[in-house]
Amino acid sequence: MADLSDSGRKEAALRHHEVPGELESGTASSAASTRSKHRGKRAGQGVFVRDGIVGFADGLTVPFALTAGLTNLGDRKVVILGGLAELFAGAISMGLGAYLAAVTEQKHFEVEQRRERRAVAEFPAEEEEGVYRLLGKYGLGRERCRGVVEGLKADVAMWVLFVMDFEVRLEKASTRMAWMEGLVMGVAYFLGGLLPMIPYFAMDRVNHALFVSIGITAVILVVFGYVKALVTGTTHGDAAWSSVQTLAIGAVAAAVSYGIVRGLSSATTA
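Just so you know, we're using UniProt numbering here: the sequence shown kicks off at 1 and counts up by one.
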């Protein structure tokens, strides 16, 4: 009951344009900034996990498939050099791709934010109706929303932040985050691709190295698929199915690559 009465007092104060305590313009903006930072931190961690998963998965699949295909040529040096070339090129490409994607998202956020500020300044009535419609989607009537809308109108920065969060659904990404996203993606790709290549460094016969590489990659794919699914919050049964899917994708990629190289090699020697 205490929480309800506090909420009622705040709403009543907003209706009469008496903005108390934490809802004062300066304090509210500060609180919004703090909340935004916390949300940004959590979102950043989620992005890093996503980039790590994507990079590691691609690293496990692509270089492994390439080296498996090159093994058909029977030259250990070709397999190692070809695998390393793809590994470095792929890591750089994936890292730059993740960085450019993050920078593009940041620019998109800034463009939308400027557009929203302009709309609030030039068409306040239309933007106000937009807030009512937005809150109405959550089952809130106009009268119940009036206090919130009046509070937002008292602070343009809060108004724009509200629209960016709930209508545009964009969060600002920093340049530092973009660099980190690219680094995480590139390093994860490199590590994922390096593991299946280890047998080729340690063994002279490429056919033997291929079988060891297949075994290592199969185990990693199963474990990775299982852990990846658990990280996303799925059940153990779904995680087990995810590990099987991940293994199947890696096996198909390797088989196709091996078959293509074998076919090209046979056509060349014929």
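For each residue, glycine too, the CB sits at the ideal point set by N, CA and C.
Asked                                                                                                          : Found
Endpoints, the alpha helix (DSSP H) within which R142 is located                                               : R142 to K153
C-beta atoms of A248 and D238 nearer than 8 Å                                                                  : no
Terminal residues of the alpha helix (DSSP H) in which T104 lies                                               : R76 to E122
Whole-angstrom distance between E127 and R42, CA atom to CA atom                                               : Unreliable placement is indicated for R42, whose pLDDT of 47 sits below 50; the coordinate value is still reported in the next sentence. Distance between the alpha carbons of R42 and E127: 29 Å.
Rounded separation between V103 and G59 - CA only                                                              : 23 Å
Separation of F211 from T268, as counted between CA atoms                                                      : 25 Å
Cβ pair E116, V163 closer than 8 Å                                                                             : yes
Check whether I216 and L195 have beta carbons under 8 Å apart                                                  : yes
Short Cβ contact (8 Å threshold) for G90 with G182                                                             : no
Cutoff 6 Å; reference L135; Cβ partners in own chain excluding five residues on either side                    : C145
Buried versus exposed call for residue 271 [16 or more other C-beta atoms within 10 Å across all chains shown] : In the structure as shown, the chain begins at 1 and stops at 270. Residue 271 is therefore absent and cannot be evaluated.
Alpha-carbon to alpha-carbon, G55 and G258                                                                     : Per the sequence shown, the amino acid found at residue 258 is Tyr instead of Gly. So the alpha carbons of these two residues sit roughly 22 Å apart.
Limits of the alpha helix (DSSP H) - the one that P199 falls within                                            : I198 to A202
Delimiting residues of the alpha helix (DSSP H) encompassing K228                                              : V206 to V231
R15, buried or exposed, once every other Cβ within 10 Å from all chains shown has been counted against 16      : With a pLDDT of 41 at R15, under the threshold of 50, the modelled position of this residue cannot be trusted; read the value that follows with caution. Answer is exposed; the Cβ neighbour count stays below 16.
Minimum C-alpha distance to R76 - residue among V206, S266, S242 and L84                                       : V206
Cβ shell of S213 (< 6 Å), same chain only, five flanking positions each side left out                          : P196 and P199
Nearest-angstrom Cα separation, counted from E143 out to Y99                                                   : 45 Å
Residues near A119 by beta carbon distance below 6 Å, same chain, minus five either side                       : E127
Residues near A32 in its chain [Cβ-Cβ closer than 6 Å; skip 5 each side]                                       : The pLDDT assigned to A32 is 45, lower than 50, so where the model puts this residue is not dependable; a value taken from the coordinates is nonetheless given after this. Correct list, in chain order: M158 and L161.
Within 8 Å, strictly: CB atoms of V49 and V231                                                                 : yes
Short Cβ contact (8 Å threshold) for V168 with V149                                                            : no
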